Amino acid sequence: MPDVNAPAIRPHRLLRWLVQIAFLAFFVFLFVQTRYGSPARVKDILFRFDPLVLLITSITHRTLINAALLSISVIAITFVFGRFFCGFVCPLGTTLDICDGITRHKTRLRRSVRNWKYFLLLFLLVSAVLGVSFLHFFDPLVIFERSLTLVFYPVFTYLFGLFTDLSPMVYTETLVAFGVFALILGSGFLAPRFWCRNLCPLGGLLGLLSRLSPFRFSFQEQCSCGICETICPTGAIDSSRNLINPAECIDCLRCRYECPRHAITYGLHLSLVPFDAKKRHWIMAFGAGLVFASLRPLLQQRLHGRLIRPPGAVPEADFLNLCLHCGKCMKVCPTNGLQPCILEAGINGIWTPRLVPRIGGCEKNCNMCGRVCPTSAIRTLSLREKTFAKIGTAVIDRHRCIAWEQNMVCLICDEVCQYNAISSFSETIQGTTLLRPFVDERICTGCGICESRCPVEGAAAIQVFSKGEERKRTGSYITEEKVKLRACEEKPEDIPSGFIQDDN
Amino acid sequence: MEITRRDFLRISAGMAFTTLLPKSLLPLHAGEAVAPVIGIARGEKSKLAKAAIDLVGGIDTFIQEGDSVCIKPNISFAANSTCGATTSAEVTRQVVRLCLEAGASKVMIVDHTIQDPKLCTERSGIEEAIIDKKKVSLLTLTKERQFAEVEVTGGNELQVIKVAKILENVNKFINLPTAKSHSATGVSLGIKNLMGLIWDRGSLHRKNLHRAIAELATVMKPDLTVVDATRVLTSGGPGGPGKTVALDAVIAGQDVVAVDSYTVGITQWYNKSFTGKGVKYIVAAAELGLGEIDTERMRIREVEV
Chain A
1 MPDVNAPAIR PHRLLRWLVQ IAFLAFFVFL FVQTRYGSPA RVKDILFRFD
51 PLVLLITSIT HRTLINAALL SISVIAITFV FGRFFCGFVC PLGTTLDICD
101 GITRHKTRLR RSVRNWKYFL LLFLLVSAVL GVSFLHFFDP LVIFERSLTL
151 VFYPVFTYLF GLFTDLSPMV YTETLVAFGV FALILGSGFL APRFWCRNLC
201 PLGGLLGLLS RLSPFRFSFQ EQCSCGICET ICPTGAIDSS RNLINPAECI
251 DCLRCRYECP RHAITYGLHL SLVPFDAKKR HWIMAFGAGL VFASLRPLLQ
301 QRLHGRLIRP PGAVPEADFL NLCLHCGKCM KVCPTNGLQP CILEAGINGI
351 WTPRLVPRIG GCEKNCNMCG RVCPTSAIRT LSLREKTFAK IGTAVIDRHR
401 CIAWEQNMVC LICDEVCQYN AISSFSETIQ GTTLLRPFVD ERICTGCGIC
451 ESRCPVEGAA AIQVFSKGEE RKRTGSYITE EKVKLRACEE KPEDIPSGFI
501 QDDN
Chain G
1001 MEITRRDFLR ISAGMAFTTL LPKSLLPLHA GEAVAPVIGI ARGEKSKLAK
1051 AAIDLVGGID TFIQEGDSVC IKPNISFAAN STCGATTSAE VTRQVVRLCL
1101 EAGASKVMIV DHTIQDPKLC TERSGIEEAI IDKKKVSLLT LTKERQFAEV
1151 EVTGGNELQV IKVAKILENV NKFINLPTAK SHSATGVSLG IKNLMGLIWD
1201 RGSLHRKNLH RAIAELATVM KPDLTVVDAT RVLTSGGPGG PGKTVALDAV
1251 IAGQDVVAVD SYTVGITQWY NKSFTGKGVK YIVAAAELGL GEIDTERMRI
1301 REVEV
């Protein structure tokens, strides 16, 4: 350890830690607050300040993502003061700092690896221009948010559920999300903040900007002890040449305060650090963008017949462009019915939301998924509007339905249907009157409560398919015809079989 | 004392003779002595529960000083509170208040909802009934560990059933259903409301549903049943929406079968008139000897408030 003899806590480190922990705690707090019943829409503040979302998603979707416009402030500040965002704000960076603090590995890697983050950025840009977004694999804030939802939230709810009445949340795809998160944390074994200095495309973007930043750390005198180079967490310092690369520096202040000769200061300093990236690597990244983007039909090929998107989801192509795969909608869904796709929406559709009615239906009185979606891939609909946004249609499998096949008095689907789309009609067979459920496809919204409650063991005998789903970019889902159909009091309904009827 | 043959014959003959006596000569009118009392109050909503319970002896008959009470409203659906699919917060609050006035040390409002408990709580407004934060609590059951297996003696459809453990931990149980129609059982009243205290509802639908519901009443015995008929969902039940009738009535009684049977007759269901004898699960419960189904043999007391 280079700073063995130094006091355990130095004021500047404490200050930075406090700021970092405060931001991390704030983001986790917002995450916890992202739940049913919480009113404000600022829960997506993390993504509002994400320049990568602004850049990549806007290009992919060919529309400016207004919600992320605030991130221009991050760009502006970085342009002047450098990568402070990485050193102080980024929650994934803080998490990595904590992990690196625990593992305490100090291996150093060849410098050339650090340029990968620019290549990744170029790859994202090229594929975005060609209309495919791979942002969800690489954006640190998206990875952070998604890991909280898919990895930590189930564990958290399970543990708390042991002694409170909190229901544990479960997600069908936790493994890959955990793998990505673990890989990023584990890369700390190669070098501290391995992800930030070598791979993070947001770091790359901010690094490019801070290359030009006038305010930066620089050497005030010629020296050669090299302490600064060993303590720098991102390997930004070349002590032999007395150079600090502003594109790598995350403004962590360590060199400034730990230099025994106080040779490093922060201030106005103009010079351009040469790029050492090889041309053929740029070309390779460009090529990779072209290749992967051209594979779009393959990567976004639906691999499952029952892909049910949440109500208010924009048309599929737009949806895949806009969705950040951040998992907020799944976190907030009160029935746990919104689940991450694995391959249902194609390889590139991993972690996009999909309703799995067998786990939980879409509650009539809830519009939370649309309210928390940062990019409006799921539109914010009023409660009334939402009940008219059809996401699919329930279909009864008469061969498995116990009312149809075994003459049981079941009709739970009729009972629980929130829209009275299921009615029971009687039929007399060999003198016995039997009630059978029927779905009115015009009224059914595909909410799937019936599927979640169907008492048939295993797969439900009533299942929701995406047929009839309404996906609109703009405009209302409410039509006069639908309103008329829903006026339920005139709806014919046979007398339930629970009554004994004397007269025929 | 030894009994001789002669004594034995004489006593037997005497006993046999009493059976020939006309019923009216007997000191007790056995049949009427157990005739259940049903109270129905109509009128001003804020007074209904007290008025109805007063008709059947007043709350003090059922709740004593220091009792812990479980109140089971029906808030299974996240339906609008005015549609009648759920027990109104107003009536629940009155019953809670009565319990506290009678000296109950603890009142728990318990339900195992069908839809999400948060949404059900919110939509029914049931939290308004928590008038004393120390003594009154709301418990929505969500975990299997909150239920314990109970044997159903003499059950045809049910052998064992997982019932909410909370019933073992309280000494009084007030059943507080809402009166509503039901797409499978016809009506959903007191006995049907007990289904909200078991773990696996679906399993009942895979059996003879009506009989299975009746068998539930052999395991769970409410001390008092109060039916909220202020808003009655007479079709489209149990979740609504459907036709809602404002009856502004509350029915109370100790005999859950009698209460259910009587309540069937107070309004039309699916635009048709029925009696308790026309509802299969009530008939099944009466056949199990759980209570009186014949309204002729009930003592019905009415009041207008």
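Residue numbers (the numbering used here), protein chains in the order written: chain A, 1 to 504; chain G, 1001 to 1305.
Glycine included, every Cβ here is placed at the ideal spot set by N, Cα and C.
All of these numbers come straight from a predicted model, not from anything done at the bench.
For Tyr36(A), DSSP assigns no beta-bridge partner whatsoever. With 16 or more other CB atoms across the displayed protein chains lying within 10 angstroms of its CB, Glu248(A) is buried. Residue state for Asp1260(G) is assigned as helix, using DSSP reduced to three classes. Note that the C-beta distance between Gly1265(G) and Thr1230(G) is not below 8 Å. In this structure, Gly1043(G) sits away from Ile1053(G), with a CB-CB distance that is not shorter than 8 Å. When only Cα atoms are considered, Arg216(A) and Pro311(A) end up about 48 Å apart. Residues of chain A with a Cβ closer than 7 Å to the Cβ of Phe1274(G) are, in chain order, Phe499. Listed along the chain, the chain A residues whose CB falls inside 8 Å of the CB of Leu1119(G) are Tyr36, Pro334, Glu363, Asn365 and Cys366. Listed along the chain, the chain A residues whose CB falls inside 8 Å of the CB of Lys1072(G) amount to none; the nearest CB is some 17 Å away. Boundaries of the alpha helix (DSSP H) harbouring Lys484(A): Glu480 to Arg486, taken from the DSSP string. Around Leu52(A), the same chain offers Leu135, Asp139, Pro201, Leu202 and Leu205 as residues with beta carbons nearer than 7 Å, after the five sequence neighbours per side are excluded. For the stretch 382-415 of chain A, the beta-carbon criterion of a distance under 8 Å to any beta-carbon of chain G is satisfied by Ile402, Met408, Val409, Cys410, Leu411, Ile412, Asp414 and Glu415. Here Ser1012(G) is exposed: its Cβ has fewer than 16 other Cβ atoms, across all protein chains shown, within 10 Å. Non-local C-beta neighbours of Ala1079(G) in its own chain, meaning closer than 7 Å and more than five positions away in sequence, comprise Ala1085, Thr1086, Arg1123, Gly1239 and Gly1240, ordered along the chain. Residue Thr1140(G) holds the alpha-carbon nearest to the alpha-carbon of Ser167(A) among Phe1017(G), Thr1140(G) and Val1096(G). Excluding residues up to 5 positions away in sequence, Leu150, Pro154, Met330, Gln339 and Pro340 lie with their Cβ nearer than 7 Å to the Cβ of Tyr171(A) in the same chain. In this structure, the straight-line span from the alpha carbon of Leu24(A) to that of Leu46(A) is close to 11 Å. Apart from the 5 residues on each side of it in sequence, His304(A) sits with its Cβ closer than 6 Å to the Cβ of Glu344 in its chain, given in chain order. Within a 10 Å sphere around the beta-carbon of Arg453(A) sit 16 or more other beta-carbons, which makes this residue buried.
Only those residues of the stretch 1105-1132 of chain G whose C-beta falls short of 9 Å from the nearest C-beta of chain A are listed: Ile1114, Gln1115, Asp1116, Pro1117, Lys1118, Leu1119, Glu1122 and Arg1123. Boundaries of the beta strand (DSSP E) around Gln463(A): Ile462 to Phe465. In this structure, Pro455(A) lies away from Ile396(A), with their beta-carbon atoms at least 8 Å apart. Rounded to the nearest whole angstrom, the C-alpha separation of Tyr36(A) and His1205(G) is 31 Å. With a 10 Å radius around the Cβ and a threshold of 16 neighbouring Cβ atoms, Ile250(A) comes out buried.
Taking all protein chains shown into account, Met1220(G) has 16 or more neighbouring C-beta atoms within 10 Å of its C-beta and is therefore buried. For Met284(A), the three-state secondary structure derived from DSSP is helix. Minimum Cα-Cα distance from Ser1183(G) among the listed residues Leu1176(G), Pro1177(G) and Lys1192(G) corresponds to Lys1192(G). In this structure, Gly458(A) and Gly392(A) do not form a Cβ contact; the two beta carbons are roughly 20 Å apart against a cut-off of 8 Å.
Sequence-distant Cβ neighbours of Glu1128(G) in its own chain, meaning closer than 7 Å and more than five residues away, are Ala1089 and Arg1093. Within 7 Å of the CB of Gly1278(G), the CB atoms of chain A belong to Phe499 and Ile500, in sequence order along the chain. Among the residues facing chain A, Arg1093(G) is not included, as its CB has no counterpart in that chain under 8 Å away. Sequence-distant Cβ neighbours of Asn348(A) in its own chain, meaning closer than 6 Å and more than five residues away, are Leu299 and Gln300. In the three-state DSSP reduction, Met1108(G) falls in the strand class (E or B). Among the residues of chain G, those whose CB is under 9 Å from the CB of Asp165(A) are Pro1117, Leu1139, Thr1140, Leu1141, Thr1142, Lys1143 and Gln1146, following chain order. Within the same chain, Cβ atoms closer than 6 Å to the Cβ of Cys1120(G) are found at Ile1075, Ala1078 and Thr1113, the five residues on either side in sequence being excluded. Residue-level contact by beta carbon fails for Arg1211(G) and chain A, as no gap is shorter than 8 Å.
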